[in-house]
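**Q** If you're matching positions, the sequence shown starts at 16 in this note's numbering and goes up one per residue.
Below is the structure I would like to discuss, written out as structure tokens.
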Amino acid sequence: SVPQWFIKTKFQLKYERKKNYAEAERLYEKALSIDPEYQPSIYGSGLVYYFRNDYEQAINKFKKSLILYPDHLGAHIAIGKSYFLTQRCKQGIPHLENFAGAVPNSPEAHGLLGICYEKTGNLELAVREYRYQLKVAPDTEMGIHARKRLAVLEPALKR
16 SVPQWFIKTK FQLKYERKKN YAEAERLYEK ALSIDPEYQP SIYGSGLVYY
66 FRNDYEQAIN KFKKSLILYP DHLGAHIAIG KSYFLTQRCK QGIPHLENFA
116 GAVPNSPEAH GLLGICYEKT GNLELAVREY RYQLKVAPDT EMGIHARKRL
166 AVLEPALKR
């Protein structure tokens, strides 16, 4: 299940306030009709699909965006979240790792990595990521989530 702290991120709230996805999509498509390889419009179009919960289309756009600009952190976290939301953690892990490595104080990235590692059976790495999450966000919903998961996983690893 999706943890509550993941549901409403600052990133998502920024776009939800506007909710003019049709206009954003129209503008991105217009830009892409002029230059189909314009990475900012490909990425932006991916965000529109993401916020419309069309994760498959979002993933396709983010993949193309990353081909053109492999170090784009926004595309890495967005595709990682999209894979997470479509129950494909294994595919999302490299993108979440990329983002967490570049933005080590991101409790969201570490929490999602913890969940994905746990779902894929890598409990040692899950514990590591939950510890990072707890360290950078101890007094938040994310920290509470990390504490709960660590209370379950750490004793299991000691057996």
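Even glycine gets a Cβ: it sits at the ideal position worked out from N, Cα and C.
#1: For Glu31, which of helix, strand or coil comes out of DSSP?
#2: By Cβ distance below 7 Å, which residues in the same chain neighbour Lys23 in space, the five residues on each side in sequence not counted?
#3: Straight-line CA distance for Leu172 to Gly61?
#4: Beta-carbon within less than 6 Å of Ile57's beta-carbon, same chain only, minus the 5 sequence neighbours each way: which residues are those?
#5: Using a Cβ-Cβ cut-off of 6 Å (strictly less than) and excluding sequence neighbours within five positions of Tyr208, which residues of its own chain qualify?
#6: Tell me which residue opens and which closes the alpha helix (DSSP H) that His125 is part of.
**A** Per the coordinate set shown:
#1: The predicted model places Glu31 with a pLDDT of 46, which falls under 50 and marks its position as unreliable; any figure quoted below should be read in that light. Here Glu31 sits in helix by DSSP.
#2: In this prediction, Lys23 scores a pLDDT of 41, lower than 50, which makes its location untrustworthy; the coordinate-derived value is nonetheless stated afterwards. Within the same chain, no residue comes within 7 Å of Lys23 by CB-CB distance, once the 5 residues on both sides are set aside.
#3: Computed Cα separation, rounded: 39 Å.
#4: Around Ile57: Lys76, Lys79 and Ser80.
#5: Because the chain in this structure spans residues 16 to 174, residue 208 falls outside the shown range and cannot be described.
#6: That run of the alpha helix (DSSP H) goes Pro122 to Lys134.
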